[in-house]
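Residue numbers for the sequence shown follow the numbering used here, beginning at 387 and rising by one.
We put the beta carbon where it would ideally sit given N, CA and C, even for glycine.
What you are looking at is a predicted structure, and each value in this text was computed from that prediction instead of being measured.
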Amino acid sequence: MLTDPIADMLTRIRNAHLALHKEVNVPRSKMKEALAAILKQEGYVEDVAVADSNITITLKYQMGKAVISGLKRISTPGRRVYVGAHKIPRVQNGLGICILSTSSGVLDGMTAHEKKVGGELLCEIW
Numbered sequence: 387m388l389t390d391p392i393a394d395m396l397t398r399i400r401n402a403h404l405a406l407h408k409e410v411n412v413p414r415s416k417m418k419e420a421l422a423a424i425l426k427q428e429g430y431v432e433d434v435a436v437a438d439s440n441i442t443i444t445l446k447y448q449m450g451k452a453v454i455s456g457l458k459r460i461s462t463p464g465r466r467v468y469v470g471a472h473k474i475p476r477v478q479n480g481l482g483i484c485i486l487s488t489s490s491g492v493l494d495g496m497t498a499h500e501k502k503v504g505g506e507l508l509c510e511i512w
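Structure follows, in structure tokens:
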């Protein structure tokens, strides 16, 4: 039993990038599916395939280097971090994204700012 499955997912992606793997498997949940869909939508991963119990994420590389250069878990089970709609942070001066869990679902920072909803700040990716 994992205490923080989102941190586990981010760590698996980070480790797979460091080992230059083509894809990584993550145990399936609705939250992780939403996170993976945002990563694909924003162009950080090539493809996301959902099976019965796993999510297969095909990683993206450009000229032998990983597209994702950093992943950071912000809100943890022991310390929840909530932000309002006008306090959503800019990641790496606009070069990265933050992902929030809002009342409108799991959204990236720009979409949450446009919809004027705040929520729990899950992670930052750049």
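Span separating the alpha-carbon of residue i from that of residue j
{"i": "M395", "j": "P475", "result": "22 Å"}
{"i": "I464", "j": "L421", "result": "At residue 464 the sequence reads Gly, which differs from the Ile that was named. Taking the straight line from one Cα to the other gives about 20 Å."}
{"i": "G480", "j": "T389", "result": "31 Å"}
{"i": "V453", "j": "V492", "result": "22 Å"}
{"i": "K502", "j": "E510", "result": "19 Å"}
{"i": "T397", "j": "G429", "result": "19 Å"}
{"i": "H499", "j": "V477", "result": "14 Å"}
{"i": "K473", "j": "M496", "result": "12 Å"}
Buried/exposed call for residue i, threshold 16 Cβ in 10 Å
{"i": "K418", "result": "buried"}
{"i": "V467", "result": "exposed"}
{"i": "L425", "result": "buried"}
Contacting residues, own chain, Cβ-Cβ under 8 Å from residue i (five flanking each side not counted)
{"i": "H403", "result": "L445, A452 and I454"}
{"i": "K408", "result": "T444 and L445"}
{"i": "R414", "result": "V436, A437, D438, S439, N440 and I441"}
Per DSSP, the bridge partner or partners of residue i
{"i": "L507", "result": "L486"}
{"i": "T462", "result": "R465"}
{"i": "K446", "result": "BP columns for K446 are empty, so no partner."}
Same chain only: Cβ atoms within 6 Å of residue i, ignoring 5 sequence neighbours per side
{"i": "V469", "result": "G504 and L507"}
| At least three beta-carbon pairs within less than 8 Å, the stretch 440-448 to the stretch 497-511 | no
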